[in-house]
Structures are given as C-alpha cells and as structure tokens.
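Novice:
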Amino acid sequence: MSEQDYLNDISEIKDLMNRSSRFISLSGLSGIFAGIYALIGSAVAYWLVANSGREYLILDGKIFRLILLDLFLIAFFSVITAIFLTTRKARKNGENIWDASSRRLIINFLIPLVAGGIYILIILNQQKYGQTAALMLIFYGLALINASKYSIGHVRYLGITEIILGLICALVPGYGFWLWVIGFGIMHILYGSIMFVQEKKT
Amino acid sequence: MGIIDNINKLFDHRIRLGIMSILVVNESADFNRLKELLNVTDGNLASHLKALEKEAYILVEKQFIGRKPNTRYSATRIGKAEFKKHIEALEKLLKK
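Just so you know, the protein sequences line up as chains C and B, in that order.
Counted from 1, the first sequence has number 129 at position 129 by the numbering used here; the numbering is strictly sequential.
So the number in the numbering used here is just where the residue sits in the second sequence, counting from 1, plus 1000.
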C-alpha cells in the first residue's frame, strides 16, 4: 500500500468514528431561530408584566399563566424549527435523522433538562420564584454539556456559557429576566451564527 | 522489530478497518447499523465480520428483539489492542 492509501485509511477511520458516535447534522440556523423566538417571547412577557399594574408576579394569577403559555410556545416553536431544519440538513449530509446517534443525543439532552424542569415546577409550587431564571439557565446548560458528547463541539461551549449566566443570575436574582434574555435569546443567536458560518465554509 | 510488523494484515481491508473503527468508539452496534454506516451489502459485511470474529477481535451476540433476530457486535480487548497497534503503526509510517 502507498502512503496515499494509508492517509485515506486514516481519514476514513476518523470519519466513521465521528459518524457512528456523534450526530453532526444539528443546524446552526435552528439555534438562531430559537434565539429569535426567545427574544420575541420575552418581549411579550415584559409587556404582560408591565401592563399588569403590578411589579411582581403571583403564582396563580392570570398573568403568570399567560407567561407559562408564552414559555411553552417559545419551546414549542424552537423544537419544531429545530426538527425541520435538522432533518433537512441530515438529508443533505446523507445522515439518518432518527438513528442510534441522534437517539443517544436526545436522550442525554433530556435527562438533565427534564430533571431540572420537574425541580423548577416543585419549587414554584413552594412559592420560591426568585431562582427560576437561574435554574432554567443552569439545567439547560447541563443538558447541553451532557448532549455535547454526542454532537458537535460548539454545543459544549454554549452549555458552559449558560451555566455561567445561570450562576450570575443566582447571585443577582433581580436581573433574572435580563440574564434569561441573554442566555436563551442572544447566546442562541450568537452560537447559532457561529455554527451557521462554519457550516457554510465546509 | 520493524514498524511493518505492527501493520495488521487483517485491517488492510477497508470494510474490516471500518467495522473496527465503529466498534472501538461504540459499546456495540448491530448488523443493520454497521451496514448503514459502511454502505455495504449483507453478504459482504457478513464475511468480513466472520473474519474478525475468527480472530476473536469482535464479540458476536445473537438475541431477539420481540420476534426479530438481532445480532450485536462489540470489540473485544484483543481487538481494541490490535486496532490501536495498527493505528500507531500507520501514524509512524506516515511520519517517516
């Protein structure tokens, strides 16, 4: 075998190792969209609270229910967009959208996320609202880091950023709303754009 | 001992090398998953898996998922060690 054959061997080994253990078709564009939805959603929430005549939220109030609906819609549209764009990209890459790699990615993403979500609901029921934004950021960050082992590298850095923002948020709970906007809005757009630019390059 | 001694003849084939690459980074993989990743025919894949099994580089486990037979493959300790040696030999060869 010639040197070129060995080089081909090595690149094929690398490619197979990556393709078999990581799901690489995550679309950067879906990150950008998730960020935009988060910004729109938080603007709606801001408007709701500002027009409620109160400075604070009451758990069983109408405004609070509207904000929960608002959060749900942000998550819903982000997930739908991500599924749509990722399917498209996977098809282009010749990767299967629903195979062992993507299943592993989703399961590992969901474990910390669901645990965190349940925890937040429990403490909300105990009337502890102050740390909600911080907890959302931290658990979301942990979910991303856990998932990043089965996907591309940027997911890990986004996760670390979210955790840092979450911890800052825990220190200054008064700014929870703004840190949430930075974490879920601006950071998604930022990291989504970085991924998007790199996708175009390759 | 020359570097060439560590180049494993069994890995000189694209598909066998591919099978090992997948199995060293995954706990295990079933037949269809390997087929999908390597883009080969059933018969072709089966014969290369046989060759690796014969050398005890991979472990074959047959089981049933519901009623469907399912065969899982995983790399053995020997297989992983041989693969590592082979990669190191390749690297050295290219560095020269």
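Glycine included, C-beta positions come from ideal geometry on N, C-alpha and C.
Owing to the predicted nature of the structure, the values given are computational and were not obtained by experimental measurement.
1. For residue 7/C, go through chain B and note every residue whose CB falls closer than 8 Å to its CB, in chain order.
2. Taking 9 Å as the threshold (beta carbon to beta carbon), is residue 103/C in contact with chain B?
3. Using the Cα positions of residue 36/C and residue 160/C, report the straight-line distance between them to the nearest angstrom.
4. Roughly how far, in whole angstroms, is the beta-carbon of residue 182/C from the beta-carbon of residue 165/C, given that I think they are within contact range, below 8 Å?
5. Pull out every residue of the segment 1026 to 1058 of chain B whose Cβ sits closer than 8 Å to any Cβ of chain C, in chain order.
6. Just to confirm, are residue 16/C and residue 1037/B a CB contact at a threshold of 9 Å?
7. Could you tell me the distance, in whole angstroms, from the CA atom of residue 1071/B to the CA atom of residue 1022/B?
8. Compare the Cα-Cα distances from residue 1049/B to each of 1017/B, 1027/B, 1025/B, 1084/B and report the closest residue.
9. Identify whether residue 1050/B lies in helix, strand or coil by the three-state DSSP scheme.
10. Which residues does DSSP pair with residue 1065/B in a beta bridge?
11. Residue 77/C to residue 1042/B, Cα distance in whole Å?
12. Give a yes or no on whether 9 Å exceeds the smallest Cβ distance from residue 3/C to chain B.
13. Compute the Euclidean distance between the alpha carbons of residue 157/C and residue 174/C, then round it to the nearest angstrom.
14. What residues from the segment 1012 to 1025 of chain B come within 8 Å of chain C, judged by C-beta to C-beta, listed N to C?
15. According to DSSP, is residue 1074/B part of a helix, a strand, or is it coil?
16. Quick check on DSSP: helix, strand or coil for residue 1029/B?
17. Does residue 9/C pass the burial test, meaning 16 or more other C-beta atoms within 10 Å, or should it be called exposed?
18. Report the option in 2/C, 155/C, 178/C whose CA atom is closest to the CA atom of residue 31/C.
19. If distances are taken between C-alpha atoms only, which option among 133/C, 26/C, 200/C, 145/C comes closest to residue 185/C?
20. Alpha carbon to alpha carbon, what distance is there between residue 1019/B and residue 987/B?
21. Using a Cβ-Cβ cutoff of less than 6 Å, which residues in the same chain neighbour residue 63/C once the five nearest sequence positions on both sides are dropped?
22. Which chain C residues sit within Cβ distance under 8 Å of residue 1090/B?
23. So the candidates are 1079/B, 1045/B, 1077/B, 1030/B; which of them puts its Cα closest to the Cα of residue 1069/B?
24. Alpha carbon to alpha carbon, what distance is there between residue 1082/B and residue 7/C?
25. Against residue 96/C, what residues of chain B qualify as contacts under a CB-to-CB distance less than 8 Å, listed in chain order?
26. Do residue 5/C and residue 45/C have their beta-carbon atoms positioned less than 9 Å apart in this structure?
Specialist: Judging by the given coordinates:
1. 1094
2. no
3. 21 Å
4. 6 Å
5. 1026, 1029, 1033, 1036, 1037, 1038
6. yes
7. 15 Å
8. 1017/B
9. helix
10. 1068/B
11. 41 Å
12. yes
13. 26 Å
14. 1012, 1014, 1017, 1018, 1021, 1022, 1024, 1025
15. strand
16. strand
17. buried
18. 155/C
19. 133/C
20. Residue 987/B cannot be examined here, being either before or after the span of chain B that is shown, 1001 to 1096.
21. 48, 52
22. 6, 9, 10
23. 1030/B
24. 19 Å
25. 1036
26. no
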